[in-house]
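Residue numbers (our numbering), protein chains in the order written: chain X, 1 to 451; chain G, 1001 to 1451.
Written out below as structure tokens is the structure these notes cover.
Protein chains: 2
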Amino acid sequence: MSKSEQVYETVVQAILKEEWRPGDKLPSVRCMGSRLGLHRLTVLKAYQRLQEDGWIEVRTKSGFYVCEKSEETKKPDIKSPIYKDDSVLYQMSRALIAPDLLPNRHLSGDVKQLLDLEPRLLGTYSSTAGDLHLRESLADYLLETSSFYVSADELLITSGAQQAIDLAARAFVKPGDHVLIERPTYGPAIEALQEQKATLHPVDFTENGYDMNQVEHLMRTYRPVLFYINPTFHNPTGFTLSACQRKELVELAEQHKCLLLEDDVCHDIYFDGPPPPPCFFYDTEGVVVYIRSFSKYISPGLRISVMMARGDRLAKLLRIKAMTDNGSPLFNQAVFRHIFFTDRMQGHIAKLRLAMQLRKVCMEQQLEGSGLTWISPKGGLNLWVKLPPDWAADMLIRHSLKASVSFLPGAICDPWDSSTPYIRLSYSYLNEKQLAEGMKRLLQAGKMLQP
Amino acid sequence: MSKSEQVYETVVQAILKEEWRPGDKLPSVRCMGSRLGLHRLTVLKAYQRLQEDGWIEVRTKSGFYVCEKSEETKKPDIKSPIYKDDSVLYQMSRALIAPDLLPNRHLSGDVKQLLDLEPRLLGTYSSTAGDLHLRESLADYLLETSSFYVSADELLITSGAQQAIDLAARAFVKPGDHVLIERPTYGPAIEALQEQKATLHPVDFTENGYDMNQVEHLMRTYRPVLFYINPTFHNPTGFTLSACQRKELVELAEQHKCLLLEDDVCHDIYFDGPPPPPCFFYDTEGVVVYIRSFSKYISPGLRISVMMARGDRLAKLLRIKAMTDNGSPLFNQAVFRHIFFTDRMQGHIAKLRLAMQLRKVCMEQQLEGSGLTWISPKGGLNLWVKLPPDWAADMLIRHSLKASVSFLPGAICDPWDSSTPYIRLSYSYLNEKQLAEGMKRLLQAGKMLQP
Chain X
1 MSKSEQVYET VVQAILKEEW RPGDKLPSVR CMGSRLGLHR LTVLKAYQRL QEDGWIEVRT
61 KSGFYVCEKS EETKKPDIKS PIYKDDSVLY QMSRALIAPD LLPNRHLSGD VKQLLDLEPR
121 LLGTYSSTAG DLHLRESLAD YLLETSSFYV SADELLITSG AQQAIDLAAR AFVKPGDHVL
181 IERPTYGPAI EALQEQKATL HPVDFTENGY DMNQVEHLMR TYRPVLFYIN PTFHNPTGFT
241 LSACQRKELV ELAEQHKCLL LEDDVCHDIY FDGPPPPPCF FYDTEGVVVY IRSFSKYISP
301 GLRISVMMAR GDRLAKLLRI KAMTDNGSPL FNQAVFRHIF FTDRMQGHIA KLRLAMQLRK
361 VCMEQQLEGS GLTWISPKGG LNLWVKLPPD WAADMLIRHS LKASVSFLPG AICDPWDSST
421 PYIRLSYSYL NEKQLAEGMK RLLQAGKMLQ P
Chain G
1001 MSKSEQVYET VVQAILKEEW RPGDKLPSVR CMGSRLGLHR LTVLKAYQRL QEDGWIEVRT
1061 KSGFYVCEKS EETKKPDIKS PIYKDDSVLY QMSRALIAPD LLPNRHLSGD VKQLLDLEPR
1121 LLGTYSSTAG DLHLRESLAD YLLETSSFYV SADELLITSG AQQAIDLAAR AFVKPGDHVL
1181 IERPTYGPAI EALQEQKATL HPVDFTENGY DMNQVEHLMR TYRPVLFYIN PTFHNPTGFT
1241 LSACQRKELV ELAEQHKCLL LEDDVCHDIY FDGPPPPPCF FYDTEGVVVY IRSFSKYISP
1301 GLRISVMMAR GDRLAKLLRI KAMTDNGSPL FNQAVFRHIF FTDRMQGHIA KLRLAMQLRK
1361 VCMEQQLEGS GLTWISPKGG LNLWVKLPPD WAADMLIRHS LKASVSFLPG AICDPWDSST
1421 PYIRLSYSYL NEKQLAEGMK RLLQAGKMLQ P
């Protein structure tokens, strides 16, 4: 956090803990500055942000005051960075794997070895598509592990799945185009598609997958250019589309010439057995663009994902990738190539699966008998939990943040229903002891909402 | 190169060397495949690309033929990847610093040390704006070296300057907006602005800088939202805008509310003394967004650049950056932070300046008396060279490629004049011996064009 962000947080925490109540006057900028030993411009910047975010208000010639809006009606901005705030002790808002579960020490050793083997690496650019050795190794790996027939020429290395989604949105979606998207879904994908001025049509994703009649109806009616899907350990629900529906979806997409943008970021984090093959596997006409990310569970510090596309789809992606960053940094690609295709790494992934499953079970144990309901996922990093009728998600987040617990309100994943009773709880970032304490605090916060 | 690219290159080389002449029939896909030991789909893919690029044509039920267009009229695609082709021996098309001039061995040692100090680095995400420690160190460095008053909150770390240009184009330019751009300029900047559907107006950049009357007229007439400038060791010309014109430009921009997007990628590569302060230095109203890149001369394998913007401009950039890749990889930022702010690195930069100047002088010696003219730059990586009247750039590139010499035809930097007599020769990628041989071959190729 920068100094100005620290001031922001200090004030927010004081308001949440009710040390400062609505209508209270804040210390002047100058006074706060000397109290914290900071320049007054730093404090002013924080106060301005607090004002923008609706925490405080300015009264001319008088100073800054905590907003009068009663706490019960004030809705926090669900996009506020507080969900990513490192000062929250029990973070269940982050679908990230705790850094201490990643094989960092081993990775460091491997990086050192690589630098001895390839001393000019830091001085060399990548091609736009990415390091050819890495692409060839990935093509071999995918053939071996998933029976994918894909050549290095059909792969594009990206800096994380987020970049891949953005590239596809820019390459394939024009203003006014119709686009299908799962409901609920990954929030930033909505943003990337809206940035292209697409008209979005939600497709419900339930425990039983899609209603294929709905999909067909939407494809027939709107002729969408693209359908963004996350069929494997779906974020946020954890649901997985059956092999049967995958085939059916690919056929529909081929028939209606609708590109399927398949996002697969937790493929290896399964609990009972591997998931069905990706839709890309069933595609014979180049209608699927597939994103496979390793960033979350191998090395978030490197941000390596790979996109697969056939024919002129790849050419279009490459044009945008060249514009975006001229190719992902070579160093990261070489490190990934050096560390990923080893038995040790495959052993790490197996251990990680187990650790994630244990954490999931731990979270579920805490939820038992709480009145909250969920469907146990077969992989991934999240539970999609339905709150009891009298627990409003936006009130719950305010109370739980007071107890230093964060989660993702469902409305971020389902903007079509701002009062959705769902929340997303990630079990991947906290260890079992922390999870138990965090869940206890969350449920206590919830009980305070009951009449 | 992938296998399919190898086939492509084999055929192009054979055509350039006139082993295969216009009208000649190529070996069938099957035959070529078995000759080269490749799958016929690989060959087919190469043939298809050759056809798209106008090298060969298909005659139904007969096969593939070298295009009939006479060599003298066929214009090669100036965006063809052949300019980046590693198989060309004398590459003067690349404004890159040769990897062996970068302090790779030392860097490797530093990276190893860093991994011992911060073992969880590979497992950790960056924030969207970038590593706070790096931003704070950069703010201090800029204050110390350039008297910049900029805070860490006003900095955004990007993956190279290319990404910074793209972010700014997306954040600040809407379809139909008017935008000013130098002529000539950096080709990919044109593409990024055109991608936003901007209407571009060229501003001539000469040895004497801009015609400020032209700038004022354009600002008054079109109310442009943005002016993309590269005032320091400008690519491709090498020209530098005077301090006086910088001040004047900032004033004009403030007056007309036109954002100046200032690209500064070779700031430290000066020959006679440091360049004037960036326009950003003269800006008091937040009208300049400044891109400072270290990627080219510290570590192209890391791709670290930094963008500076005030107030809500930075917020807009952060929104796009989050969509683009959620923040540049942390590992790269940490490595850069660990290696850059050291005396040894400053010593490296001083040596690099000298090496670049020696290479520039070497290239200029070869050009003496050749009939080609240029203005000697005071920094940067390129000469902007005017060809004699009977040397057409598009013919010269064909002949020079036969001699394994590449350069950048001026039309890539000046699309407003497709028959511009200028070419860009980069002296940064070859050593002095290679430069002497490359220039000899280039001048020989040119002489073949004379009547």
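Note that the Cβ used here is the ideal one computed from N, Cα and C, for glycine as well.
- According to the DSSP assignment, X:Arg94 belongs to no beta strand (DSSP E), since it is labelled neither H nor E.
- If one requires a minimum length of 3 residues, the beta strand (DSSP E) runs lying completely within the stretch 189 to 254 of chain X are 199 to 204 and 226 to 229, in chain order.
- X:Met307: member of the beta strand (DSSP E) spanning Ile304 to Met308, first to last residue.
- Annotation: Cβ neighbours of G:Glu1195 in chain X (cutoff 7 Å, chain order): Met323.
- Closer than 7 Å at the C-beta level to chain X, one finds these residues of the stretch 1144 to 1170 of chain G: Ala1152, Asp1153, Ser1159, Gly1160, Gln1162, Gln1163 and Asp1166.
- Listed in chain order, the beta strand (DSSP E) runs fully inside the stretch 273 to 325 of chain X are 288 to 293 and 304 to 308, counting runs of at least 3 residues.
- At a beta-carbon threshold of 7 Å, the residues of chain X lying near G:Ser1002 are Leu132, Ala152 and Asp153, ordered along the chain.
- Looking from the CA of X:Val361, the closest CA among X:Ala436, X:Arg59 and X:Ile423 belongs to X:Ala436.
- X:Asn230 is outside the set of residues whose beta carbon lies under 8 Å from a beta carbon in chain G.
- Following the DSSP letters along the chain, one finds X:Glu136 inside the alpha helix (DSSP H) bounded by residues Leu132 to Ser146.
- Interface criterion not met: the Cβ of X:Glu437 is under 8 Å from no Cβ in chain G.
- G:Val1225 sits close to G:Val1173, with the two beta carbons spaced by under 8 Å.
- Between X:Met308 and X:Phe280, the CB-CB gap stays under 8 Å.
- C-alpha of G:Leu1114 to C-alpha of X:Leu132: approximately 28 Å in a straight line.
- When the beta-carbon positions are compared, G:Pro1278 and G:Tyr1290 come within less than 8 Å of each other.
- Residue state for X:Ser426 is assigned as strand, using DSSP reduced to three classes.
- Contact check for X:Pro231 against X:Thr240 passes: the beta carbons are separated by less than 8 Å.
- The DSSP-derived three-state label of X:Val335 is helix.
- Between G:Arg1353 and chain X, the shortest Cβ-Cβ separation is not below 8 Å.
- With three or more CB-CB distances shorter than 8 Å, the stretch 1420 to 1432 of chain G counts as touching the stretch 1350 to 1359 of chain G.
- With contacts defined as CB atoms closer than 8 Å, X:Trp391 and X:Trp384 fail to qualify as a contacting pair.
- Secondary structure in the stretch 3 to 74 of chain X: the alpha helix (DSSP H) runs of 4 residues or longer, each lying completely within the stretch, are 3 to 16, 29 to 36 and 40 to 52 in chain order.
- Between G:Ala1152 and G:Thr1158, the CB-CB gap reaches or exceeds 8 Å.
- Taking 8 Å as the threshold, the shortest C-beta distance from G:Phe1331 to chain X falls below it.
- Sorting X:Leu102, X:Pro119, X:Arg105 and X:Pro103 by C-alpha distance to the C-alpha of G:Asp1110 places X:Pro119 at the top.
- Taking 9 Å as the cut-off between beta carbons, the residues of the stretch 174 to 192 of chain X near chain G are Pro175, Pro188, Glu191 and Ala192, in sequence order.
- In terms of CA proximity to G:Leu1117, G:Ala1334 leads the group G:Arg1441, G:Val1066, G:Ala1334 and G:Asp1024.
- C-alpha of X:Phe341 to C-alpha of X:Leu200: approximately 39 Å in a straight line.
- Among the CB atoms of chain X, one or more fall inside 8 Å of the CB of G:Arg1105.
- Contact fails between the stretch 400 to 410 of chain X and the stretch 252 to 272 of chain X, because fewer than three Cβ pairs, one in each stretch, are under 8 Å apart.
- Straight-line spacing of the CA atoms in X:Arg21 and G:Gly1311 works out to 29 Å.
- It is roughly 27 Å from the alpha-carbon of G:Tyr1065 to the alpha-carbon of G:Ala1393.
- Proximity of chain X to G:Pro1300 at the Cβ level (cut-off 7 Å) is accounted for by Gly123, Thr124 and Tyr125, in chain order.
- For G:Thr1158, the pairing in a beta bridge is given by DSSP as G:Ser1305.
- For G:Pro1099, the C-beta contacts it makes with chain X under 7 Å involve Arg120, Gly123 and Thr124, in order along the chain.
- CA-CA distance, X:Ile97 to X:Pro409, rounds to 19 Å.
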